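Here is the structure we will look at.
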Amino acid sequence: MLAYTIRRLLLMIPTLLGIMIINFLFIQTAPGGPVEQAIAGMSGIAGSVTERISGSVGGDLGGAGGDVGDAGGASDAGAANSRYQGAEGLDPRLIEKLEQKYGFDKPLFERFITMIGNYLRFDFGDSFFKGQSVTALVIDKLPVSISLGLWSTLIIYLVSIPLGIRKAVKDGSQFDLWTSTVVIVGNAIPGLLFTIVLIIFFAGSEYFKWFPLRGLTSNNWEELSLWGKIVDYFWHLVLPITSMVIGGFAGLTLLTKNSFLNEINKQYVMTARAKGLTERRVLYSHVFRNAMLIVIAGFPGAFVSILFTGSLITEVIFSLDGLGLLGYEAALRRDFPVMFGTLYFFTLLGLVMQLISDLSYSWIDPRIDFEARQV
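Counting in the working numbering, the sequence shown runs without a single skipped number right up to 1000 at its last residue.
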C-alpha cells in the first residue's frame, strides 16, 4: 500500500495544478475584476474622490486638478483607462495604483507563478476587501461549516445505511414501499422551500417559536455552563441541519439497498445459509463487508460537498457566517485571494479525502490489493 499511496500523492500535484490553471485563466480574464469593482465604488462620488481613494491604495495622487502629462502621456493614459469599464474621467495614476494594489500591473503568467509559489508555502495572501488574511478568514468561518457538514453527513449516513439494509432484507414488502415513498418525496422537496416552511412554523411568531432563527449560539453563550453551552449549540443546529438533510436520504438509502440486494443474491450467501448460519450473521459477517464498499466510496464526495457547497442557502437564511457565504461573497466581489485560496485548499482536501476513501477499501476488505493496480 505504501507504493500506491506515494503514487497517488504524486498524482495530486498535476491534478491540483491543472485545476488551478483552468480556474485562474477563466477568473482572471473575466470582466468585472477587483479593479472594476473598486472603480464602480467611486461612481457618483464627486470632488476630492481621487485624493481620498489614492490614500487607501497607498499613494498621493496630488491635486485633483493636477496635470496628467503631455499629449502622448494623456493618450497612453486614455488607452489604459479604456481597459476598465467606468474608468473614463478618473486620474490615470489612480488606475495605476489600483493595478499595483491588486497585482494587475504584472503579466498573467507572472501572477500565476507567484500565486502558486505562495500557495506551496500555504501563504494565501490577504483579502482585497475584508482587510484580513485568507487563512484567518477560513479559520474564522470553518467552525460553522464543519458543524453543518459534520452533523449533516453523520445523520444522513446513520439513518440511510440501516434503512437501506432493512429495505434490502424486506424488499417488496409494505415497509419497503412506504419508506421509499417517504425518502423520494423528501428528496423532491426543494431545499429552499422546506427551509422557509421550517422557519414559518418553528422559528417565527405565527405558530411555534421553538427554535432560534439565526446564529449557532445565543447572546449569553459565555455565561452558560458547559452543559448549557452544549444544549444551546445543538438547539441552534436543529433547523439548519434539518433543512440540509431532508433531501440527502434518498440517494444513499437506495444505493445501500441496491448494493445489499446485489450481494444477497450471490452464491457465497446461499452457501453460508446452507451451512446453517443465522440470517443476521450472514448479513453482517459476509454481505456487509462487500456491500459497503460502494457506499464508503461516496463518503468523501458527500462530506466535501455538504461542507463547502451544500450549506450556502442554509448559511444565508439562518445568518450563519461560514465558508459557503464567504465563497459566495468573494465570487460576487471578485476577491481573488479568497477565491483562489479557498479553491486550492478545498481541492487539496478533496484529493486527500479521496485517497483516504481508497485506502479504506483495504481496511474493510483486505483482499483488495491496490499495489497490483496501475494508477
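Even for Gly, the Cβ is constructed at its ideal location relative to N, Cα and C.
On a predicted model such as this, the values are computed, not experimentally measured, just so you know.
{"query": "Assigned secondary structure, Gly703 (DSSP; H/G/I helix, E/B strand, else coil)", "result": "Summary for Gly703: the model assigns pLDDT 47, below 50, so the residue's position carries little reliability; its value from the coordinates is reported in the next sentence. Gly703 falls in the helix class under three-state DSSP."}
{"query": "Per-residue DSSP class, three states only, for Asp751", "result": "strand"}
{"query": "Any alpha helix (DSSP H) of 4 or more consecutive residues that is wholly inside the stretch 762-844", "result": "799-813 and 816-827"}
{"query": "Beta-carbon proximity list for Tyr976, same chain, < 8 Å, skipping 5 on both sides", "result": "Sequence inspection shows Leu at residue 976; the Tyr mentioned does not correspond to that position. The residues are Met637, Thr640 and Leu641."}
{"query": "Rounded Cβ spacing between Ser758 and Met869 (contact assumed at less than 8 Å)", "result": "With a Cβ gap of about 29 Å, Ser758 and Met869 do not count as contacting."}
{"query": "Option nearest Arg746 by Cα separation, candidates Tyr969, Gly876, Leu980 and Ser987", "result": "Tyr969"}
{"query": "Cβ pair Ala793, Lys882 closer than 8 Å", "result": "yes"}
{"query": "Neighbourhood of Trp835 by C-beta, 8 Å cutoff - its chain only, sequence neighbours within 5 removed", "result": "Phe827 and Ala828"}
{"query": "Uninterrupted beta strand (DSSP E) stretches inside the stretch 942-974 (no shorter than 3 residues)", "result": "none"}
{"query": "Beta-carbon proximity list for Gly966, same chain, < 6 Å, skipping 5 on both sides", "result": "Phe749 and Val759"}
{"query": "Exposed unless 16 or more other CB atoms sit within 10 angstroms - verdict on Tyr832", "result": "exposed"}
{"query": "Member of Thr804, Glu848, Leu817 and Ser772 whose CA lies at the smallest distance from the CA of Pro787", "result": "Thr804"}
{"query": "Cutoff 8 Å; reference Gly840; Cβ partners in own chain excluding five residues on either side", "result": "His861, Phe943, Ser944 and Leu945"}
{"query": "Segments of 4+ residues assigned as alpha helix (DSSP H) that fall wholly inside the stretch 868-931", "result": "874-889, 892-899 and 913-922"}
{"query": "Start and end residues, alpha helix (DSSP H) containing Pro639", "result": "Leu627 to Gln653"}
{"query": "Ser850 in three-state terms, based on DSSP", "result": "coil"}
{"query": "Whole-angstrom distance between Leu838 and Arg906, CA atom to CA atom", "result": "46 Å"}
{"query": "Span of the alpha helix (DSSP H), counted from its first residue to its last, around Gly742", "result": "Leu733 to Leu745"}
{"query": "Check whether Leu773 and Ile866 have beta carbons under 8 Å apart", "result": "yes"}
{"query": "Candidates Ile938, Trp988, Ile781 and Arg791: closest to Phe819 by CA position", "result": "Ile938"}
{"query": "Val941 versus Ser985: straight-line alpha-carbon distance, rounded", "result": "35 Å"}
{"query": "Residue nearest to Leu908 in terms of C-alpha spacing, selected from Thr739, Leu779 and Val894", "result": "Val894"}
{"query": "Cβ-based burial, Glu888 [other Cβ within 10 Å; buried from 16]", "result": "buried"}
{"query": "Closest by C-alpha distance to Thr896, when choosing among Ser884, Leu762 and His911", "result": "His911"}
{"query": "Outcome for Ala813 when other beta-carbon atoms lying within 10 angstroms are tallied against a minimum of 16", "result": "exposed"}
{"query": "For Arg898 and Gln979, the rounded distance between their alpha carbons", "result": "35 Å"}
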